[in-house]
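Residue numbers (the numbering used here), protein chains in the order written: chain A, 1 to 217; chain B, 1 to 239. Ideal placement from N, C-alpha and C gives every residue a C-beta, glycine not left out. Note that the coordinates shown come from a computational prediction; the quantities given were computed from them, not determined experimentally. First comes the structure, then the notes that go with it.
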């Protein structure tokens with residue numbers, strides 16, 4: 001497994017996958033739909049799939065002395081690793097906004113979404129949907145990725161729109177809490193996001209294994 | 001002794017069928033796999049590498065069925081093609097460094113030796129290599145993990161006569177060291193020099209599987225080259 005991840009990181013990956021983790025910094029931008037950072041991180045992962053296709057990576061991997069399904073496992077491991085690295089960055093910056101910057105006017109006077117555990121839960125949901133739609137969709141052919149990626153873009157921005165709109169609905173203001181207000185609700189949203197990410201990634205992985213096993217390379 | 005065996009391998013695509021393909025590779029011999037473009041050579045090789053699902057039939061190496069023993073078999077075989085290059089923008093050093101981690105039996109000394117022998121520079125990228133050098137790089141990866149069986153899919157296609165000659169000499173040397181080679185090509189003149197056996201495929205079916213001498217004896221006319229025999233067979237004329 002170590003060799004597989006090393007191959008993904010050193011041969012298949014696009015440098016953009018690593019650089020785009022930096023979009024986690026968008027968490028700090030005031031007056032900006034900060035969940036867009038999640039989209040850019042998935043865009044970086046997409047670049048690696050494009051890179052891999054151009055480099056005949058799937059066939060090269062299938063020729064290695066590994067089980068065919070390890071090719072799928074390697075791609076998921078790499079993608080989840082990038083997602084979690086981005087998530088970790090967002091979590092640390094969210095913590096910063098919840099503590100030291102919680103009373104900062106530029107964040108308080110903000111019509112858009114605040115950085116809090118609900119935001120992190122939504123980020124995990126979007127990562128999970130990316131795994132389900134894009135990575136799962138890619139492994140139906142191990143070649144075509146335009147349709148899965150366009151679908152991901154649409155779903156991603158619908159989810160961002162919903163997340164941005166929720167706290168404007170009367171009664172749901174608590175999802176945009178500052179500091180440690182409504183922390184139980186906020187943490188519940190984060191846990192729900194983590195569960196959704198795990199489930200969506202697992203369902204996607206199982207489906208990708210089934211699809212890839214049937215493919216002729 | 002047969003080291004690789006295919007038995008009744010069938011695969012149907014729209015407009016093409018690989019039909020009951022059966023043949024074997026003898027240990028330490030070079031088997032020429034000939035057929036025109038689209039005859040089924042690459043499909044057969046893909047079946048041998050488990051890259052496609054066959055409709056029926058069996059492939060085995062070293063007496064072990066490929067299905068169920070794929071990982072251990074792939075430790076002992078190598079594949080090279082003249083038509084595909086891997087990771088064109090990565091350096092040879094990077095590709096080699098990653099590939100070696102998959103093979104416990106990787107021979108770093110052999111890797112260095114072939115690197116020098118083939119004139120490969122570690123800092124170069126496949127995109128900067130000529131077709132011949134790409135084939136040599138693929139061979140280096142295969143030989144460095146001490147592959148006992150080499151499956152070569154049109155390794156000499158697109159090469160100049162000098163590069164072809166170099167590769168053929170290399171194949172002969174490898175054979176002397178006990179490596180079994182399947183050499184798929186439509187350039188039959190390459191096989192005059194190195195092949196011990198000939199497997200001839202046409203329209204998805206094996207038409208002949210015998211030693212090169214017997215193939216020439218059975219199908220050729222006096223003084224005919226393999227290429228002339230091949231052309232005549234493809235035109236549907238028998239000797």
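Start-to-end residues for the alpha helix (DSSP H) that takes in residue i
i	result
residue 207 of chain A	183-214
residue 233 of chain B	226-234
residue 115 of chain A	No alpha helix (DSSP H) contains residue 115 of chain A, which DSSP labels as neither H nor E.
residue 161 of chain A	146-166
residue 193 of chain B	189-194
residue 46 of chain B	41-48
residue 143 of chain A	No alpha helix (DSSP H) contains residue 143 of chain A, which DSSP labels as neither H nor E.
residue 103 of chain B	Neither: residue 103 of chain B is in no alpha helix (DSSP H) and is coded neither H nor E.
residue 124 of chain B	That residue, residue 124 of chain B, is in no alpha helix (DSSP H); it is neither H nor E in DSSP.
residue 52 of chain B	Per DSSP, residue 52 of chain B belongs to no alpha helix (DSSP H) and is neither H nor E.
residue 106 of chain A	105-108
residue 220 of chain A	No answer is possible for residue 220 of chain A: the residues shown for chain A start at 1 and end at 217.
residue 4 of chain A	2-7
Under 9 Å from the C-beta of residue i: neighbouring residues of chain A
i	result
residue 161 of chain B	What residue 161 of chain B touches in chain A: nothing, since even the nearest Cβ is about 28 Å away.
residue 74 of chain B	63, 64, 65 and 66
residue 61 of chain B	Result: empty, since nearest Cβ-Cβ is about 12 Å, beyond 9 Å.
residue 114 of chain B	Within chain A, no residue comes near residue 114 of chain B; the closest Cβ sits about 18 Å away, beyond 9 Å.
residue 79 of chain B	63
Amino acids of chain A, ordered along the chain, whose beta-carbon sits closer than 8 Å to that of residue i
i	result
residue 71 of chain B	65, 66 and 67
residue 52 of chain B	216 and 217
residue 95 of chain B	11
residue 18 of chain B	Those within 8 Å of residue 18 of chain B in chain A number zero; the least Cβ separation is about 12 Å.
Limits of the beta strand (DSSP E) - the one that residue i falls within
i	result
residue 17 of chain B	16-26
residue 142 of chain B	Counting along the chain, residue 142 of chain B falls outside any beta strand (DSSP E), though it belongs to the alpha helix (DSSP H) covering 131-144.
residue 209 of chain B	205-211
Per DSSP, the bridge partner or partners of residue i
i	result
residue 33 of chain B	B:184 and B:199
residue 5 of chain B	B:24 and B:60
residue 149 of chain B	B:77 and B:180
residue 13 of chain B	B:16
heavy atom of the ligand GDP below 8 Å from residue i C-beta
i	result
residue 102 of chain B	Within the structure as shown, the ligand GDP is missing, as the structure has no ligands at all.
Proximity winner among the options, relative to residue i (alpha-carbon distances)
i	options	result
residue 1 of chain A	A:71, A:25, A:17 and A:21	A:71
residue 178 of chain B	B:146, B:207 and B:74	B:146
residue 75 of chain B	B:22, B:141, B:219 and B:19	B:141
residue 137 of chain B	B:149, B:148, B:112 and B:160	B:112
residue 119 of chain B	B:105, B:107, B:104 and B:135	B:135
residue 6 of chain B	B:61, B:94 and B:124	B:61
residue 20 of chain B	B:219, B:233, B:202 and B:63	B:202
residue 152 of chain B	B:160, B:170, B:161 and B:162	B:170
residue 129 of chain B	B:116, B:45 and B:91	B:91
residue 77 of chain B	B:23, B:50 and B:149	B:149
residue 24 of chain A	A:82, A:77 and A:74	A:82
residue 1 of chain B	B:14, B:11 and B:29	B:29
residue 161 of chain A	A:198, A:136, A:135 and A:122	A:122
residue 51 of chain A	A:173, A:153, A:41 and A:11	A:11
residue 33 of chain A	A:212, A:189, A:200 and A:166	A:166
residue 22 of chain A	A:125, A:90 and A:157	A:90
residue 160 of chain B	B:132, B:185, B:144 and B:139	B:132
residue 27 of chain B	B:4, B:157 and B:8	B:4
residue 78 of chain A	A:9, A:116, A:111 and A:113	A:9
residue 191 of chain B	B:106, B:204, B:34 and B:64	B:34
residue 203 of chain A	A:4, A:130, A:190 and A:191	A:130
residue 48 of chain A	A:96, A:94 and A:7	A:7
residue 96 of chain B	A:60, A:113, A:107 and A:104	A:60
residue 30 of chain A	A:39, A:105, A:86 and A:87	A:105
residue 19 of chain A	A:28, A:75, A:85 and A:54	A:85
residue 103 of chain B	B:63, B:109, B:144 and B:81	B:144
Residues that residue i contacts on chain A, provided the C-beta gap is smaller than 7 Å
i	result
residue 98 of chain B	6, 7, 10 and 11
residue 90 of chain B	11
residue 101 of chain B	3 and 6
residue 49 of chain B	63
Proximal residues of chain B, C-beta to C-beta of residue i below 8 Å
i	result
residue 60 of chain A	86 and 87
Cross-chain neighbours of residue i in chain B, by beta carbon under 9 Å
i	result
residue 56 of chain A	84, 85, 86, 87 and 88
Where are the alpha helix (DSSP H) runs, 4 residues long or more, that stay fully inside the region 15-103 of chain A, in chain order?
-> For secondary structure counted as the alpha helix (DSSP H) over 4 or more consecutive residues, the region 15-103 of chain A holds these complete runs in sequence order: 15-19, 36-54, 57-63 and 68-98.
Within the region 65-99 of chain B, ranges of the alpha helix (DSSP H) (whole runs, at least 4 residues) | Those alpha helix (DSSP H) runs which fall completely within the region 65-99 of chain B and span 4+ residues are 70-75.
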